């Protein structure tokens, strides 16, 4: 069998395109599982489909068709045995990749467990690719069939996502799809809520049906076996096509839910909608910063980044008692755009400031220091707003004090994306005004509604902010404790700022 000779190529491609990429990501099961799902499939598609096509054409290439016709085994049995051996070698190589990636992730991940449905889709894809390649080699036994099938299978699989528009598309049945297309692997998905396997179940049904129909079709020609065998093969082919068609129809009914995963009503389990229970990991200090345990490695950097801002408002009325990481919520925008934000309480006030980490919003991966810097610039204004007051319609004195506190904490305002857009600059993931995802609040706590208001250098408010920021921290804190109620009510003017 040629497949053992092709496995080193498949394993090398897996290491180069998938394993190294996964190891560069944070050790989160949802990221690693999605990378394994799509990356392994692209690494194995050409060796598996091409190798199966070579094995399918073996009898014709070696001119042994007449010789093997006289054997006691039916032609379909010989072909099935050869296909099974080829597929078995491919599955053995895939299991090596799965064990390597999931084994390392199990040692590195701070919380959670393996996601098996993405691995099952990749595993079900290999028999389907092998069956299609084997059928092509059997029906078109030429030395040119193998390279044509190997290269063609790669491009068909890679380009199968191009017709997808939005979260409702029949093309989502493509086994390379792991989530709403153009969204990519996202840390905020399948961490705070259970993984939704609806799309993966439909993909497995499609792949098993396709494999069954393809293999059964090889037993239909005359000479492949007896009459009853051919009738059974015809029934199996019809059943496989019906299963594959049903799976495609189910995929077309799927839509993205608020947790960023594809739900299919006929396959959906309501238990998947419940949030995952966990005990947060918190920093020690007057105002603890609490994160999901999956993000525990970020806690020291995030807490240190927020501490200067928390020191400015600690003990003041309205100051947050705790900073807590929240789950991201998702909405489908026009085309393939996805709005990412945070659901905030509609009424009432709370002393728990909820925020999103930048990595929950997608985009290029960040280093820990970059993430901490972005958190400081994004959550800092919300911490100030929880004390000074909401920014829309703020008085000049409120704007000056807000800017002064940001200056004192070395938070640079004006570098955040508008509300509803991804900080990574991904326009496909941002949401324009009026779109379904408009108004969602990335990165910010629930007390703020947008980036801090910028003050023009040299303006009266800016000079007052510089004057107030130059005060000793104790003097600023004492003045705010005494005049905060009047400042929030808008009764303090710029002239009364020290």
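In the working numbering, the protein residues as written are 727 to 1224.
C-beta atoms are modelled at their ideal positions from N, C-alpha and C, and glycine is treated no differently.
Note that the structure is predicted; figures quoted are calculated from it, not measured.
If you ignore the 5 residues before and after residue 1021, its C-beta comes within less than 6 Å of no other C-beta in its own chain. Excluding the 5 residues flanking it on each side, residue 762 has same chain C-beta neighbours closer than 6 Å at 827, in chain order.
The segment 908-964 contains no complete beta strand (DSSP E) run of 3 or more residues. Bounds of the beta strand (DSSP E) holding residue 1050 are 1048-1051. Proximity of the segment 861-879 to the segment 769-783 meets the contact definition, three or more beta-carbon pairs being nearer than 8 Å. Looking from the CA of residue 850, the closest CA among 1079, 1078, 900, 833 belongs to 900.
The segment 943-963 makes no contact with the segment 1027-1034: fewer than 3 CB pairs, one atom from each, lie closer than 8 Å. DSSP places residue 1064 outside any alpha helix (DSSP H); the residue lies instead in the beta strand (DSSP E), whose first and last residues are 1064-1067.
Under DSSP, residue 1017 shares a beta bridge with 1007.
Going by C-alpha positions, residue 1215 is about 9 Å away from residue 1115.
The alpha carbon of residue 1003 has as its nearest neighbour, out of 1065, 1015, 1053, the alpha carbon of 1053.
Counting along the chain, the unbroken alpha helix (DSSP H) around residue 801 starts and ends at 801-834.
Rounded to whole angstroms, the separation of the alpha carbons of residue 767 and residue 902 is 7 Å. For residue 1058, no alpha helix (DSSP H) segment is defined; the enclosing uninterrupted segment is the beta strand (DSSP E) at 1055-1058. DSSP places residue 1092 in the coil class of the three-state scheme, outside both helix and strand. The Cβ atoms of residue 1123 and residue 1025 do not sit closer than 9 Å to each other.
In this structure, the beta-carbon distance from residue 1078 to residue 1048 falls below 9 Å. The Cβ-Cβ distance between residue 1203 and residue 1042 falls below 9 Å. Assignment of beta-bridge partners to residue 766 by DSSP yields no partner. Residue environment analysis places residue 853 among the buried positions, since at least 16 neighbouring C-beta atoms fall within 10 angstroms of its C-beta. Rounded to whole angstroms, the gap between the alpha carbons of residue 895 and residue 1061 is 11 Å. Going by DSSP, residue 1035 is part of the alpha helix (DSSP H) stretching over 1025-1039. Taking a 10 Å sphere around the C-beta of residue 1107, we find 16 or more other C-beta atoms and assign the residue as buried.
Residue range 746-749 is occupied by the alpha helix (DSSP H) that includes residue 749, with no beta strand (DSSP E) assigned at that position.
Under the DSSP assignment, residue 1133 falls in the alpha helix (DSSP H) whose first and last residues are 1122-1134. Pairing residue 775 with residue 1096, the inter-Cα distance amounts to about 42 Å.
Here the alpha carbon of residue 861 sits roughly 10 Å from the alpha carbon of residue 867. Proximity of the segment 832-844 to the segment 810-823 falls short of the contact definition, fewer than three beta-carbon pairs being nearer than 8 Å. The C-alpha of residue 1056 is placed about 36 Å away from the C-alpha of residue 1210. Counting only the Cα atoms, residue 906 lies some 9 Å from residue 1058.
Taking 9 Å as the cut-off, the Cβ atoms of residue 938 and residue 965 count as close. Between residue 802 and residue 944 a beta carbon distance of about 6 Å is seen, short of the 8 Å cut, so the two are scored as contacting. Counting only the Cα atoms, residue 1208 lies some 59 Å from residue 890. The beta-carbon separation of residue 1127 and residue 1044, rounded to 13 Å, does not stay under the 8 Å limit for a contact. For residue 1080, the enclosing beta strand (DSSP E) starts and ends at 1078-1081. Taking C-beta atoms under 8 Å as the contact rule, residue 1046 and residue 988 fail to qualify, at a distance of about 35 Å.
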